[in-house]
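Chains as they are written, first to last, in our numbering: chain C, 918 to 994; chain U, 637 to 810.
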């Protein structure tokens, strides 16, 4: 593996393939983007977990009111 | 009667690891594009980025996904991007997955030369004999009126491994 990250470009018109080292700015931009992607995914997963927890709590409360599992499923799907 | 055709424009199989691959100077003579990738990351990072024309704005997507969380247990969820700086495509095969396995992803881009915003759909999955096996379905829009002349695939600061492959096809309606 190369020490410096590489970029490959394929020119569709000429077929010429060019390989070059990433610039310092490109490497820095990758790091920023990686962190942003991780943050965004973590936020989405946290939101999904909260929705799942809220749903489970709501179903438990419905069960406590006397609804059957089938009745709960019918109104929560 | 029309005779639609699918033509391989170009392909690239990496001879050594690389952090990005670009298809440039895409011919403007087709109606639609199909992109196929089979890639693997050298890090434990499950996504890679797609951009059009080097643009860092205007990417919208809705992602539905599922993956194995435990034996006989699946996680299902959704994830969206709004005016993002790149298109985040998940389900890449990562370094901790079973060796010598690569992901499968395909994107369809209709009317890529038009002056309208560009819609696309994508399916991506990463097999792994040891679990996970994420599968993603993506629908989205690149909010830009320019014809698509280049497509770039970029890792999140790591590398696509050797033998990762990228294919670009052109679809003609007649």
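For every residue, glycine included, the Cβ atom is placed at its ideal position computed from N, Cα and C.
The beta carbon of residue 712 of chain U lies closer than 6 Å to those of 702 in the same chain, with the five residues before and after it left out.
Excluding the 5 residues flanking it on each side, residue 775 of chain U has same chain C-beta neighbours closer than 6 Å at 698 and 757, in chain order. Straight across, the Cα-Cα distance linking residue 675 of chain U with residue 736 of chain U is about 10 Å.
Look at the stretch 669 to 688 of chain U: the residues with a C-beta under 9 Å from a C-beta of chain C are 678, 681, 682, 683 and 685. The beta carbon of residue 803 of chain U lies closer than 6 Å to those of 647 and 672 in the same chain, with the five residues before and after it left out. Of the other Cβ atoms in all chains shown, 16 or more fall within 10 Å of the Cβ of residue 653 of chain U; this residue is therefore buried.
For residue 987 of chain C, the enclosing alpha helix (DSSP H) has its first and last residue at 986 to 993. Taking C-beta separations shorter than 6 Å and ignoring five residues to either side along the sequence, residue 977 of chain C has no partners in its chain. Where residue 723 of chain U is concerned, the enclosing beta strand (DSSP E) starts and stops at 723 to 726. Here residue 661 of chain U really is in contact with residue 785 of chain U; their C-beta atoms are around 7 Å apart, less than 8 Å.
For residue 787 of chain U, the closest of C/920, C/928, C/923 and C/949 by C-alpha to C-alpha distance is C/928.
Nearest Cα to residue 722 of chain U within the set U/685, U/644, U/714 and U/761: U/685.
Here residue 966 of chain C is exposed: its Cβ has fewer than 16 other Cβ atoms, across all protein chains shown, within 10 Å. The straight-line gap separating the alpha-carbon atoms of residue 940 of chain C and residue 765 of chain U is approximately 37 Å. DSSP places residue 790 of chain U inside the beta strand (DSSP E), whose first and last residues are 787 to 790. Between residue 988 of chain C and chain U, the shortest Cβ-Cβ separation is not below 8 Å.
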